[in-house]
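Notes follow the structure.
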Amino acid sequence: MAAAIAASEAGSRSILIDRSLIGRGGATVMAQMTVAAAVGEQTEDHWTHHLKDTLAAGRGLCDERLARLLCEEGVAAIRKLQDWKVGWAADDGHLKQVQAPGHDRPRCVYVDFLNTGPAVSKTLRTQVIRHDLIRRVGDLYAVDIVRRDGAAIGVLCVHLHTGEPVLISAPATIIATGGLTRLYRRNSASLNMSGDGYAMALRAGASLIDMEFVQFFPIGHLAPRLIGMDPIMWDPFRYKLGGRLLNGNREEFTQNYGVADGGRYQITRDQATYAITKEVEAGRGSPAGGAYLSFEHVPETELRKAFGPIIDKLAKNGIDLTTTAIEVAPIAHYHMGGVRVGVDMETEVPNLYCAGEAVGGANGANRLSGNAITEAIAFGFVAGRNAAARAADTGPAGDIAADAAEGLALLQAEGPADAPNSAALIAELQDLMQDYVGPFRTAEKLAHALAELRRMKVDLGDTPFGSDAAYDSERLDWFDLRTMLVIAEAVTLSAQARTESRGAHQREDFPGLDPAWELNQIIRLTEGELNLERRAVVRQEMEAAS
């Protein structure tokens, strides 16, 4: 949405397509946490301080040009949302800012009562509707980027209502499809976060970077049962109220893994994930297999002052935080890797751009808390402006049916009569990734995962299951599996090659960070096979804060 708005402001017509409802699918609408930007309203700040923290969290692997862009452009992005009445929480005319893990000062803004993501999405939807140059089309499943002479000239889609193929001719295309967390059995994502954009970019000739770095949110809700609420809702509670992480013996434990938390939420996500996982492995987990998160020390008046409507929703789920410690455990939440781009957000494929979580490199080995929505909007604005300029220079691509002939034939192919159960294959893939390519990896686990992924790829075959009828779930599952298998293999192959532990990638057989591995890994698709290479991290001279 940010990209479409920026393109419209630059005078370019755009078509904003989504496999679900515009602005209501994906990750942003589910985000209930905070947004990092050096607006300096309550504490003196500057984007260079934010950048320093972003680079530290990235453990030496951030593309410093992209990290700078995120932090510098992020301030203007948050201000623009403020102008559009997003409703950032304020006190005495100044935006409230809270401390988040990894930040050197209170920096993160939010919309109160766990409403940050929904408010941001609603605000952007409202702006999109106001732009006559933006056409919105939902229920379109993007299958592949269409190319001519190596350059992107549009997108091949399938219309979910009818099963009919749809071709969109465009002089510039932006991939803004989010991440890959649906690859994991336990995840915080919408169902459309399968790595679609990564796979489309790969098949079009672009490369991926840092695919081994999957961020697991450490305190995803585990128990008791929670209905109609986001499993990652507990982060804002910790930001505002504290919250004690306890093992099954009701003891604080993060200090045993290098960071004393003390309810102040100082521990970063990768450190917390490690600490919780190790306590469970040692037999000191909570009954459901996680850790306790306790707010029992917080008076009810404070709980209600901070989250009154949420406290009422919790009560309907039978949860009283003054008397009950809930159970939490790591959950796949974000992906640091993605499509490799330059500072203009263009990929190696001419006319093909990227934005948001689909972009890799800005966050290195671990994303700093609060950077996700900032990145989505800042990179969206940059991608939209540059794609609009390219479109004006390039002009219409014309009829692209001949260029999309192979993809069109695939969409209309008759499926095999003895196809396996596609839904069961997706569940098998998610189990495999959860158990063998999760937060903590070994050579043995990764080798097993690679072998199974390649077997499943053979089982999937080259012909889509089902038919080209409307809403054929078998056919849609086949295309999802085609994407999920290649991206799962990219993650696993990269994790196998990186023989160290850094950020969100933890190798139990190679504990500790290895300075020789201060390198990015790049994945390309050549004749159907993934190829891996190593590249020096992109550095940039930084100016001092003024």
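Per this note's numbering, the sequence shown runs over residues 179 to 724. Ideal Cβ placement from N, Cα and C applies to all residues, glycine included.
Neighbourhood of residue i by C-beta distance below 6 Å, restricted to the same chain and skipping five residues each side
i, result
"residue 468", "400, 505, 506 and 507"
"residue 727", "Since the first and last residues shown for the chain are 179 and 724, residue 727 lies out of range."
"residue 724", "Reliability fails at residue 724, whose pLDDT of 47 lies under 50, so the model's placement of it is uncertain and the value that follows must be treated cautiously. Around residue 724: no qualifying Cβ."
"residue 192", "182, 185 and 312"
"residue 630", "610"
"residue 272", "219 and 220"
"residue 562", "181, 184 and 185"
"residue 560", "523"
CB of residue i within 8 Å of CB of residue j, strictly
i, j, result
"residue 385", "residue 632", "no"
"residue 363", "residue 612", "yes"
"residue 231", "residue 280", "yes"
"residue 481", "residue 421", "no"
"residue 274", "residue 287", "yes"
"residue 389", "residue 668", "yes"
"residue 372", "residue 395", "no"
"residue 600", "residue 447", "no"
"residue 698", "residue 713", "yes"
"residue 688", "residue 487", "no"
Extent of the continuous beta strand (DSSP E) run through residue i
i, result
"residue 322", "318-326"
"residue 332", "329-337"
"residue 193", "192-195"
"residue 584", "Where residue 584 is concerned, there is no enclosing beta strand (DSSP E), although the alpha helix (DSSP H) it sits in stretches over 583-589."
"residue 422", "422-424"
"residue 351", "351-353"
"residue 315", "312-315"
"residue 530", "530-532"
Limits of the unbroken alpha helix (DSSP H) element including residue i
i, result
"residue 485", "478-494"
"residue 296", "294-308"
"residue 452", "447-459"
"residue 663", "651-675"
"residue 600", "600-614"
"residue 233", "225-235"
"residue 186", "180-187"
"residue 621", "621-638"
"residue 200", "That residue, residue 200, is in no alpha helix (DSSP H); it is neither H nor E in DSSP."
"residue 245", "242-261"
"residue 417", "412-419"
Local conformation of residue i per DSSP, three classes
i, result
"residue 541", "coil"
"residue 553", "helix"
"residue 718", "coil"
"residue 433", "helix"
"residue 210", "coil"
"residue 395", "strand"
"residue 560", "helix"
"residue 693", "helix"
"residue 498", "coil"
"residue 706", "coil"
"residue 343", "strand"
"residue 281", "coil"
"residue 713", "strand"
"residue 470", "strand"
"residue 508", "strand"
"residue 380", "helix"
"residue 724", "With a pLDDT of 47 at residue 724, under the threshold of 50, the modelled position of this residue cannot be trusted, and the question is left open."
"residue 515", "coil"
Cut-off 7 Å between Cβ atoms - residues of its own chain near residue i, not counting five sequence neighbours on either side
i, result
"residue 199", "316"
"residue 405", "495"
Proximal residues to residue i (C-beta, below 8 Å), its chain only, five neighbours per side dropped
i, result
"residue 551", "206, 209, 213, 294, 295 and 298"
"residue 537", "244, 516, 517, 519, 523, 553 and 557"
"residue 649", "338, 339 and 341"
"residue 325", "331, 382, 383, 527 and 581"
Integer-rounded CB distance, given that residue j should sit under 8 Å from residue i
i, j, result
"residue 334", "residue 345", "6 Å"
"residue 513", "residue 398", "Actually they do not touch by this definition, with Cβ atoms about 16 Å apart."
Chain D within 8 Å of residue i, Cβ atoms only
i, result
"residue 253", "Annotation note: the requested chain D is absent from the structure, which comprises a single protein chain."
Near the ligand COA: residue i beta-carbon under 7 Å from a heavy atom
i, result
"residue 190", "Summarising the ligand content, the structure contains no ligands, and the ligand COA is consequently not present."
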